[in-house]
Amino acid sequence: KIISFSRGNRLKIKVGRNTTSILFYKKLGLSGGKVGILTAGTSDIGVAEEARLTCEAMGCECICSYDVGIAGLHRVFPIIKKMIHEEVDAIIVVAGMEGALASIVSSLVDTPVIGVPSSVGYGYGEKGIAALASMLQSCTLGLAVVNIDNGIGAGAFAANVANRIVRKKIRL
4 KIISFSRGNR LKIKVGRNTT SILFYKKLGL SGGKVGILTA GTSDIGVAEE ARLTCEAMGC
64 ECICSYDVGI AGLHRVFPII KKMIHEEVDA IIVVAGMEGA LASIVSSLVD TPVIGVPSSV
124 GYGYGEKGIA ALASMLQSCT LGLAVVNIDN GIGAGAFAAN VANRIVRKKI RL
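Here you go:
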């Protein structure tokens with residue numbers, strides 16, 4: 004039914020990797036906003052893809068890097084450097100388990116960071132509770148946190164920030 008609906012209305016379909024989200028569109032225009040998206044592990048990709056689809060639907064270009072968790076902290080630095088070089092307007096960080104990646108990223112950049120705790124984990128960290136608590140209690144500046152597995156909310160927030168920055172740049 005969905006495919007016939009999209010064909011009948013001449014809509015294109017974009018499906019994220021490891022996610023159940025589908026984006027229907029006629030034409031995606033670019034606003035000029037840029038959003039960086041990171042995941043700590045491969046299990047976080049589905050939530051990150053929801054965020055990416057949302058950002059793209061709102062006109063933003065996304066620069067994504069997945070599986071850069073703190074177990075190999077050296078992997079984070081070149082990716083952050085690239086995002087700074089690309090002048091991203093916001094960075095989304097999806098992390099389960101202890102959720103530490105969001106705090107690390109926000110301590111390294113002067114860009115707004117949106118932390119998304121994911122429901123990956125076991126023991127006390129099960130269902131994202133530990134990641135949520137860790138992100139909420141972080142003392143790094145510039146970190147906002149959305150609810151567990153809320154890739155769509157994170158994407159909308161990041162795209163709103165990015166698009167507003169672009170509008171301000173145009174006025175200057």
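Each residue of the sequence shown is one higher than the one before, starting from 4 at the first, in the working numbering. In this text, a Cβ means the ideal position worked out from N, Cα and C, and glycines have one as well. Remember, predicted model here, so these are calculated numbers, not experimental data.
Straight-line measurement puts the Cα of Pro115 at about 14 Å from the Cα of Val97.
Taking all protein chains shown into account, Ala74 has fewer than 16 neighbouring C-beta atoms within 10 Å of its C-beta and is therefore exposed. In terms of Cβ geometry, Ser121 and Gly131 form a close pair [threshold 8 Å]. Cβ-Cβ distances below 6 Å link Ile168 to Asp92 in the same chain, with the five nearest sequence neighbours on each side left out; the list follows chain order.
Between Glu90 and Lys172, the C-beta gap is not smaller than 8 Å, which leaves the two residues out of contact. In this structure, the beta-carbon distance from Gly99 to Ala134 falls below 8 Å. Counting along the chain, Ile132 sits inside the alpha helix (DSSP H) bounded by residues 132-139. Under DSSP, Cys67 shares a beta bridge with Ile40. Under the Cβ criterion (8 Å, minimum of three pairs), the stretch 65-79 does not count as touching the stretch 135-152.
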